[in-house]
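In the numbering used here, the protein residues as written are 1 to 318.
By construction, the Cβ of each residue, glycine as well, lies at the ideal position given by its N, Cα and C atoms.
Please read the structure below before turning to the comments.
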Amino acid sequence: MMKFFITITFIVAFLAGANAYGKAENDTVYVSTKTTSYIYFPDSVIFYDCILTRTITINGVEGKKVQAEKRGGNLLYLFSNVASFESSSILVETLSAQYIFTLVHRENPEQIVYHFNPHQATKIKSKMVTPPAVQVATPIAQNVVKNEPVPNVVAATTNIPATVIPSTSAPIDMAEKCEAIKEMKMDDYINGIYDEKIKMALTDIFTDDQYMYFSVYIANEANVLYSINTIDFFTRQKSKIKKETQQITNLIPLYPDQNGIEGKKIKKGKPIRLVFVFEKFTILKDEKLFIKLNEKGGNRDIQISIASKEIINAEVIF
């Protein structure tokens, strides 16, 4: 009896210690309206799909129950736009693997930072691996802890058809295409701005079978060095219910990573061209696409707007 008591005490202590460190070796992620949940993966996130993150219409207004954004390559942000929602599975694909876990609403989550490891993947490239729930069946022996998982998570999620995952070109092909666009002659631009001696223009929009390529030109005509913080893409539309309310949707490029842009310096007389890659998309007639350049350590922030007709008239390339 004493041996049994000691074993139980050890298990409880082990679980408490592991949860204190917030290791996300589980298939459950908690999402709240009060704080953002941060999910880290071993490599870059290229695709995710969940019914909660899709745009739906509620009482005539379009929106998403859960806002998801890719940042910094391997980081996924999640934030709830509603007070509560039914738990749902989410599928995330990185460059090397696929992960399936469950989003659960919790008003005051104790854990908001999660780290997923390759052994938790449901698929690695073309080779299927053992689902996480099976691998962590003996947590003490494998030193793995599940943080209050939702019952039957794997059973509910592993039936997602493979067609959900789009075929994505290798990153090196994407990078080579972007470099080819940079070498093209720049004759004109779609829209541009000149303010605080900083120029920014969208010179071209290209498209192929799967992606869209936005070529952005930036020049500094001031003696003060310009350092880029972020370049943000977002769409803006006025709500049909309240005209003064604007709906904003952030667009996260597949390439390049924001980390590769942050801190990039632009000297006077040495302009640069950046090419941003997105999954093919269009916007409504009353929407506009905005591209905003934010200065790091300064206030020279500028932005341009692009009409929907410019996007649908993208030039076919490659």
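Distance between beta carbons of Ser84 and His105, contact taken as under 8 Å: 5 Å
Endpoints, the beta strand (DSSP E) within which Gly192 is located: 191-195
What are the residues that DSSP puts in a beta bridge with Val45? Thr94
Determine the DSSP secondary structure at Gln142, reduced to helix, strand or coil. Residue confidence for Gln142 is low, a pLDDT of 33 falling below 50, so the modelled location carries little weight; the figure read from the coordinates is stated next. Three-state result, Gln142: helix.
At a Cβ threshold of 8 Å, is Lys288 touching chain C? Protein chains in the displayed structure number just one, and chain C is not present.
Taking all protein chains shown into account, decide if Asp323 is buried (16 or more other Cβ within 10 angstroms of its Cβ) or exposed. Outside the displayed span of the chain (1 to 318) sits residue 323, for which this structure offers no information.
CB of Phe206 within 8 Å of CB of Ile231, strictly: Against a cut-off of 8 Å, the Cβ pair of Ile231 and Phe206 comes out as no contact.
Taking the Cβ atom as the reference point for each residue, do Ala201 and Tyr211 lie within a distance shorter than 8 Å? no
Return the residue from the list Tyr38, Phe214, Lys197 that minimises the CA-CA distance to Gln111. Here the closest residue by C-alpha is Tyr38.
Using DSSP with H/G/I as helix, E/B as strand and the rest coil, what is Ile218? In the structure shown, Ile218 sits in a strand (DSSP, three-state: E or B).
Sequence ranges, alpha helix (DSSP H) only - wholly within the region 244-271, length at least 4: 258-261
Let me know if Phe41 comes out buried or exposed under the rule of 16 or more other beta-carbons within 10 Å of its beta-carbon. buried
C-beta contact flag for Ser87 and Leu76 at 8 Å: no
Measuring only the C-alpha atoms, how far is Ala314 from Thr94? 28 Å
Sequence-distant residues of the same chain with beta carbon closer than 8 Å to Glu196, five excluded per side: Ala222, Arg300, Ile302
Just reading off the beta strand (DSSP E) that Ile302 is part of, what are its end residues? 302-307
By the three-class DSSP mapping on this structure, what secondary structure does Ala180 have? helix
Closest to Glu295 by CA distance: which of Ile311, Glu279, Phe281, Ile266 is it? Ranked by Cα distance from Glu295, the first of Ile311, Glu279, Phe281, Ile266 is Ile266.
Closest by CA to Pro109, which one among Ile46, Ala219, Asn250, Thr35? Thr35
Do you know how far the Cα of Pro253 is from the Cα of Val277? 5 Å
Around the C-beta of Asn81, are 16 or more other C-beta atoms found within 10 angstroms, so that it is buried, or is it exposed? Counting C-beta atoms within 10 angstroms of its own C-beta, Asn81 has fewer than 16 neighbours from the protein chains shown and is therefore classed as exposed.
Rounded separation between Ser96 and Ala307 - CA only: One C-alpha to the other measures close to 36 Å.
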